[in-house]
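Taking this note's numbering, the leading residue of the sequence shown gets 16, the next gets one more, and so forth.
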Amino acid sequence: MPETYMTEEEMIAGSLKQDEKAQKALYNSLSRKMMGVTLRYCTSVDEAQDILQDGFIKVFSKLSSYNGEGVFEGWVRRIIVNTALDHIRKSKNVRFHVDINEVDYLLADQTIILESLAADDLLKVIQELPLGYKTVFNLFAIEGYSHKEIAEELGVTVNTSKSQYSRARTFLQKKLEDINITSSE
Numbered sequence: 016m017p018e019t020y021m022t023e024e025e026m027i028a029g030s031l032k033q034d035e036k037a038q039k040a041l042y043n044s045l046s047r048k049m050m051g052v053t054l055r056y057c058t059s060v061d062e063a064q065d066i067l068q069d070g071f072i073k074v075f076s077k078l079s080s081y082n083g084e085g086v087f088e089g090w091v092r093r094i095i096v097n098t099a100l101d102h103i104r105k106s107k108n109v110r111f112h113v114d115i116n117e118v119d120y121l122l123a124d125q126t127i128i129l130e131s132l133a134a135d136d137l138l139k140v141i142q143e144l145p146l147g148y149k150t151v152f153n154l155f156a157i158e159g160y161s162h163k164e165i166a167e168e169l170g171v172t173v174n175t176s177k178s179q180y181s182r183a184r185t186f187l188q189k190k191l192e193d194i195n196i197t198s199s200e
């Protein structure tokens with residue numbers, strides 16, 4: 016349970032002074048949301064927990080560089096996402112390199128109805144994506160990165176990022192069709 020009597024500023028100031036109570040309160044106040052972030056990039060809960068742990072170690076070690084500009088949660092989220100990306104880059108079985116000409120643009124005439132899915136259901140469907148697709152989908156559709164930024168982060172071309180995103184959407188469309196959660200407008 017989070018230490019609700021501490022403000023965010025008090026948790027940050029205390030954490031900078033290595034106050035364990037403040038560090039615990041800071042972790043507890045953000046860990047559930049950040050676990051949701053890590054789960055979008057992982058294939059298992061254990062892997063997500065490892066990334067979350069590594070991410071918070073980085074948060075605490077870099078806390079002195081937070082200058083108070085912008086939302087603190089956003090600053091933490093960026094570290095967690097980068098930690099997940101570091102983990103993915105170290106993974107040997109990632110397949111990001113595909114030919115742009117192989118991409119199916121099946122979604123041009125169809126819309127995914129995400130509103131009809133509960134968050135947990137959507138997370139489960141996203142977790143079924145192959146790792147390369149899932150990573151690009153999360154970065155583009157959820158985190159708001161541009162394809163150029165994704166390409167730079169992952170060391171791939173912009174066309175590869177676009178291709179992976181398109182393939183992820185196609186994969187998600189098929190999965191949603193399988194469970195009858197699509198529209199054929």
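Beta carbons are placed, not taken as given, at the ideal position from N, Cα and C, and that holds for glycine.
> Pick from Q68, N97, D61: whose alpha carbon is nearest that of L45?
Replying inline: Counting from one through the sequence shown, the residue named residue 45 turns up at place 30. With distances taken between Cα atoms, L45 lies closest to Q68.
> DSSP three-state call for L78: helix, strand or coil?
Replying inline: In the sequence shown, the residue the question calls residue 78 occupies position 63. Residue state, collapsed to three classes: helix.
> Applying the criterion that 16 or more other CB atoms from any shown protein chain within 10 Å of the CB defines a buried residue, is L138 buried or exposed?
Replying inline: Here residue 138 is taken as the residue at index 123 of the sequence shown, counted from 1. So L138 ends up on the exposed side.
>> For the segment 95 to 108 against the segment 165 to 179, do three or more pairs of beta-carbon atoms, one drawn from each stretch, fall closer than 8 Å, so that the two count as touching?
In response: yes
> Ordered along the chain, which non-local residues of its own chain (more than five positions away) have a Cβ less than 6 Å from that of Y160?
Replying inline: In the sequence shown, counting from the first residue as 1, residue 160 sits at position 145. L154.
> Can you tell me the Cα-Cα spacing of S30 and E88, whole angstroms?
Replying inline: For the purposes of this step, residue 30 is taken as the residue at position 15 of the sequence shown. For the purposes of this step, residue 88 is taken as the residue at position 73 of the sequence shown. Whole-angstrom Cα-Cα distance: 15 Å.
> What is the rounded straight-line gap between the Cα of R47 and the Cα of A63?
Replying inline: Your numbering for residue 47 matches position 32 in the sequence shown. Your numbering for residue 63 matches position 48 in the sequence shown. The straight-line gap from Cα to Cα measures roughly 11 Å.
> Do V151 and L191 have their CB atoms nearer than 8 Å?
Replying inline: For the purposes of this step, residue 151 is taken as residue 136 along the sequence shown, with counting starting at 1. For the purposes of this step, residue 191 is taken as residue 176 along the sequence shown, with counting starting at 1. Cβ atoms of V151 and L191: not closer than 8 Å.
> Taking the alpha carbon of L14 as the point to measure from, which residue in T22, G85, R55 has its own alpha carbon closest?
Replying inline: Residue 14 is absent from the structure shown; the chain starts at 16 and stops at 200.
> Just how far apart, CA to CA, sit N174 and R182?
Replying inline: For the purposes of this step, residue 174 is taken as the residue at position 159 of the sequence shown. For the purposes of this step, residue 182 is taken as the residue at position 167 of the sequence shown. Whole-angstrom Cα-Cα distance: 12 Å.
>> Rounding to the nearest angstrom, what Cα-Cα distance links D34 and L78 in this structure?
In response: Working through the sequence shown from its first residue, we reach residue 34 at position 19. Working through the sequence shown from its first residue, we reach residue 78 at position 63. Answer to the nearest angstrom: the Cα atoms are 13 Å apart.
>> If you follow the alpha helix (DSSP H) that I27 is in, where does it begin and where does it stop?
In response: In the sequence shown, counting from the first residue as 1, residue 27 sits at position 12. Taken as a continuous stretch (DSSP letters only), the alpha helix (DSSP H) holding I27 covers 23 to 31.
> Which same chain residues, not among the five before or five after A28, have their C-beta less than 8 Å away from its C-beta?
Replying inline: As a position in the sequence shown, residue 28 is number 13, starting the count at 1. Contacts found: A37.
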